[in-house]
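Chains as they are written, first to last, in this note's numbering: chain S, 4 to 330; chain P, 4 to 330; chain G, 416 to 770; chain F, 416 to 770. See below for the structure under consideration.
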Ligand SMILES: Cc1ncc(C[n+]2csc(CCOP(=O)(O)OP(=O)(O)O)c2C)c(N)n1
Ligand SMILES: Cc1ncc(C[n+]2csc(CCOP(=O)(O)OP(=O)(O)O)c2C)c(N)n1
Ligand SMILES: [Mg+2]
Ligand SMILES: [Mg+2]
């Protein structure tokens, strides 16, 4: 075991897969000499050379589109979108193309592609560097979506994503990059795509969450434990596929479900989680499902006050947990 | 009252608004001499001239982006995306730009823009001319989304959309264009954005739906009525804003909720509807929430068999209704 | 590059050598033997019959949709033969029936996609007709989303270049597609990395109903190449030999590491955009009638006959044989089973239909 | 166009006429009086002080982010004065502090956006600094999404053309932005409709760390204009007068109905991309040091002094006055209230924060 940050987990996964498999290469804006804006690929250019660490033009549709083509031709591209807010120009390539290539060619072509991008708020990124995008993609069959929150999950899931035969959207919460440290196994390991993590065991309610909020939820759960309330915290880790059975088992046990995400509420990923519970576990519940999410405004603003007002935090999560067990 | 098709409702709304307001203009592919691929704007070019009926290059990002700019400069553009499947290249302009202009400028700028596009299956449109896109946009604050299903709603909502001060995504189910006929009020009238339609009254279960499925649900309800089961059918008409209170009132009355949409299930609009019910009406329910939706495969295929297997139809809806009342 | 010529001979599905090969051979375009030229002619004839068959089936109500390539055949067949078939990749668009048939797609495969049969190898009946995908014959999968495939072709070329494989990628599209932002990005990327790509624009002056002057403010698509640092070349895309020479040169540039070329083949669209369109809503009957004079098939036929490479008897025989092939393929494909409900769920992910 | 000159005088916020106006006047660029030239100089000085202040505040930990325009000031101020201020629209990008200050943004407004205060008129503290939006002074709202505003500017020009208003729209962007598909689409649309637009590329040869040669395979962004059927013109964007002449000509073309122009102002970026960047990770200290020689402010200062339009005493006075303004604006803005939680919910829709 080594202790590292989420950023280091991402970097080590990229590094080990590039070293292991000559088909793996990286392309994106400023991934070369700059080593990516968060310094994730620092040193990669020198080590792997210009043909495997490609500084692209400022053009996201082609970052993904060229990567799709390379993937169809047998490579394993890792395309980087510098911030999740800039992924929209590549939406056609991701949703319209990558996700459908296997299906539309009846298995004749495949598209083993990873699209990595930092998302989320809490770093004063303002209106265009703070977005959560998972809800804009999770409806799309053919895609897989990872949202790791710990260094080990970041590393193990990224390795899985690169080895996957299908396109994976890999979302890294930028606030976790340096904030979150944790133990990571040595050597080659993977975390399977599609398996949630029961991050904390509990019997009184289930908190279903992912990304940065996992950490806030655990903290909130710890504070409630002082009053004897034991919350189970489920970190989904991947959103598509979503680990329904872990969610349902937990809810069957605790009989109360609180869904927490930073992304806006209406039509967010929490909607599907709530729907799954409403369809499959309705008679298990002792209280209505609750969602604690970002507010339904267009974006997180630049001022600290906007950020704080937008993002769920430990206090708000603890408050929602208290309310729910009180029903 | 006049009897017309959905297509005629759309056309009459466009026509009357263009005649009424010189700020309204149309831009899109093949809207000129061709009169749009469904012939909706046939004759418009001759009547309103080339500066108000603009045949654009094949470039969706600029169809929307140019319209956004014109809207910011005081016009009322109606931008057409020829098929909903082709809207992805414009995703950045819709989600990243149009939806945020008012918010990001703190009210300094606005973007009164309508983006019309035909969506949905059932016309042998194959993998790239059959998509339902509402779930890819309904999470976005700042946007409004209309999904009319009757001629009167198509006309009245489109007039409302054009007069709205904010960007509206206006989704027209292409199968309804010529299939669905109905009475439409004469003269100037509007249907408000944000108000669902109780398309059929009932007491035994609530079917919450929109688009083409409204018609199938009513037919299914009629067939069940023969066995004494009275289903209430709610046609949302607009997805964002969503008429929560009509949904909740109906469910409080019937105690059973079936959500039906053609779009794929996972992360579809039905997820939010189910979540609203799970949060607000859980203790009203006598049965779990049910969703009858398109299957979680990447697209509707070309072969008739794929289309039939993909789309909910009257029989399947009736079956799901029976199952739900039997719980 | 004599390899090319042998290649085309080896790939020929029928023996097309004339009974009485003329003694005095005219000088032929580099890389093209008499046999190859006849084979190319044969592909054009076969394509025309497939195209006509599609529209006949559509009129009979047997298939709901057909898209024509009439007017584009010369450019497409020329491009196919300028490539090293079996080695070079093509990333076509939906109007490339002639290109596909010249690149190894068989009439049966073509008819299977028209009928949307389960065993349609392109998409198992999921996509519209003419959305080819034949990896074993180096034809990439495309969607109907205009210009989305152009970056793919560039990415494939990038992969080949990274692996130092001497493969050229041909990417085709209509002039309308050059308005899309993605087209610009693809061109730009290929230019920066001087990738082994040939971009071929089949300019028929219409994007459905929108005429070229409302699509761009330049006279030639080829004029756009300068913005990307590589040459743009124009050719008469109704002239097989002229197009062949231009594409062949571009292929050689690409293969020798000198980077991309944008070839603009000036063609025309003989019919409405697709079976869903009626071009008389936006151009006159006279205009449409005038196009007939440019038909590339009689033109190439005359060229071949002038040079003694083809005679009426052979033409007749070839047409009959092609017709027989198309008829057989039609009956066969029509009799094949459609997809079933279970087929809806295949090939979602490599690991199955999980969501 | 003498209107322009009067306009600039009328807009002058301070009396900048020198105590002893030299008797023998040199010939000045068309449309620029001595007073206007001094005013332009003043805007550059003011901009530099605002820019330096932003970085000082960032270093002090008072603001988390700053983006520089150092090296771009001449091009921006020249462009602003080539327009009819109060009539023509600008659709700028995030590096256009000098353009904004020359187009009527005040130091207080600038400092308010740096501090993200509630009453920041551009965005109420929602956007990063320098994302201007001042409808009453004809500055359009932009986001941080590169090149997304270019189609907007074109759409605005379309609206003005439809309404037959004699308004020119200036749209600016970096050379990196020309790689985006949307940029291509915007240029293409403007060319087809010959809209009254001036596109100005501020080419500083870097997109964050990516050098021009990895962004495009051409030497000049201006070379791309030919693909859209309108002229591309290059100027030295560190030379106020040269840029002014080129932009002014483009503005006149646009206003007289002759369509768009792409102006490429060759500039440089003196500092790192933003306060979050360290350019020494991708270019050498020597390279950066060498740029100092191109500083447009001393250069313009010398030009004005050479012609007797400015003397040291006036320069000193102007600098002091600008510094005082920036200091005052800083203190004032810092003391303004931040947004509150309630402000999160305003301006979602015209009708309120419904979802
Ligand atoms: C992104 C996208 N937008 C619009 C369409 C609808 N469409 C299909 S073909 C076509 C015209 C294409 O014109 P061009 O590229 O010139 O090719 P041609 O059909 O003339 O060969 C259009 C607009 C589409 N398929 N994809
Ligand atoms: C769509 C998008 N992609 C990436 C970015 C990140 N980004 C911000 S500025 C920048 C470089 C811009 O370069 P250029 O257009 O040359 O302008 P400059 O900063 O040099 O003035 C990049 C890549 C962004 N803001 N938007
Ligand atoms: Mg065309
Ligand atoms: Mg730059």
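Backbone N, C-alpha and C fix where the C-beta goes; we use that ideal spot for every residue, glycine too.
Of the heavy atoms belonging to ligand 2, none sits nearer than 7 Å to the Cβ of residue 634/F. Annotation for residue 18/P: the continuous alpha helix (DSSP H) segment containing it runs 9-23. In chain order, the residues positioned with their C-beta nearer than 6 Å to some heavy atom of ligand 3 are 589/G, 590/G, 591/G, 619/G, 621/G and 622/G. Contact holds between the stretch 188-195 of chain S and the stretch 153-173 of chain S, because three or more Cβ pairs, one in each stretch, are under 8 Å apart. Under the Cβ distance rule, residue 610/F does not count among the residues neighbouring chain G, no pair being separated by less than 8 Å.
Excluding sequence positions up to five before and after residue 738/G, its CB lies within less than 8 Å of the CB of 464, all in the same chain and listed in chain order. Here residue 76/S is actually not in contact with residue 601/G; their C-beta atoms are around 15 Å apart, not less than 8 Å. Under the three-pair Cβ rule at 8 Å, the stretch 594-611 of chain F counts as touching the stretch 552-569 of chain F.
Our two residues, residue 495/F and residue 730/F, have alpha carbons roughly 21 Å apart in a direct line. Contact check for residue 177/P and residue 126/P: beta-carbon distance about 6 Å, within the 8 Å limit, so the pair qualifies. A Cβ-Cβ distance of about 13 Å is found for the pair residue 6/P and residue 181/P, leaving them out of contact under the 8 Å criterion. Closer than 9 Å at the C-beta level to chain S, one finds these residues of the stretch 545-568 of chain F: 546, 558, 559, 560, 561, 562 and 563. For residue 158/S, there is no enclosing beta strand (DSSP E); the enclosing alpha helix (DSSP H) covers residues 154-166.
Remark: C-beta atoms of residue 47/S and residue 56/S approach each other more closely than 8 Å. Distance from the C-beta of residue 585/G to the nearest heavy atom of ligand 1 is not below 7 Å.
Its Cα nearest to that of residue 461/F, the residue 743/F stands out among 743/F, 605/F and 764/F.
Of all residues in the stretch 566-591 of chain G, only 566, 567, 568, 569, 570, 571, 573, 574, 575 and 577 place a beta-carbon less than 7 Å from a beta-carbon of chain S.
Around the Cβ of residue 275/S, a 10 Å sphere holds 16 or more other Cβ atoms; the residue is buried. Here DSSP, grouped into helix, strand and coil, assigns residue 469/G to helix. Shown here, residue 508/F sits in coil according to DSSP, grouped into three states, outside any helix or strand.
By the Cβ test, the stretch 249-258 of chain S is not in contact with the stretch 222-230 of chain S, since fewer than three Cβ pairs between them sit closer than 8 Å. Counting C-beta pairs with one atom in each stretch, the stretch 522-531 of chain F and the stretch 684-704 of chain F have fewer than three that are closer than 8 Å, which means they do not touch.
Residue 99/S carries a helical assignment under DSSP once its states are collapsed to helix, strand and coil. At least 8 Å separates the CB of residue 510/G from every CB of chain P. Between the stretch 103-121 of chain S and the stretch 549-562 of chain G there are three or more inter-stretch CB-CB distances shorter than 8 Å, so the stretches are counted as touching. Ranked by Cα distance from residue 554/G, the first of 503/G, 561/G, 591/G and 735/G is 503/G. Around the beta carbon of residue 445/F, fewer than 16 other beta carbons lie within 10 angstroms, which makes this residue exposed.
In the DSSP assignment, residue 209/P falls within the unbroken beta strand (DSSP E) covering 208-212. Secondary-structure assignment with DSSP links residue 267/P through a beta bridge to 297/P. Per the coordinates, the alpha-carbon of residue 247/S lies some 37 Å from the alpha-carbon of residue 153/P. Within chain P, the residues placing a beta-carbon under 8 Å from that of residue 753/G are 306, 307 and 308, ordered along the chain.
For residue 630/G, the residues of chain P that pass the 8 Å Cβ criterion are 60 and 61, in the order they occur in the chain. Shown here, residue 53/S sits in coil according to DSSP, grouped into three states, outside any helix or strand.
Taking a contact as a CB-CB distance under 8 Å, the pair residue 157/P and residue 137/P does not count as one, their CB atoms being some 15 Å apart. In the DSSP assignment, residue 612/F falls outside any alpha helix (DSSP H) and within the unbroken beta strand (DSSP E) covering 612-618. For the stretch 275-290 of chain P, the set of positions with a beta-carbon nearer than 8 Å to some beta-carbon of chain F is empty.
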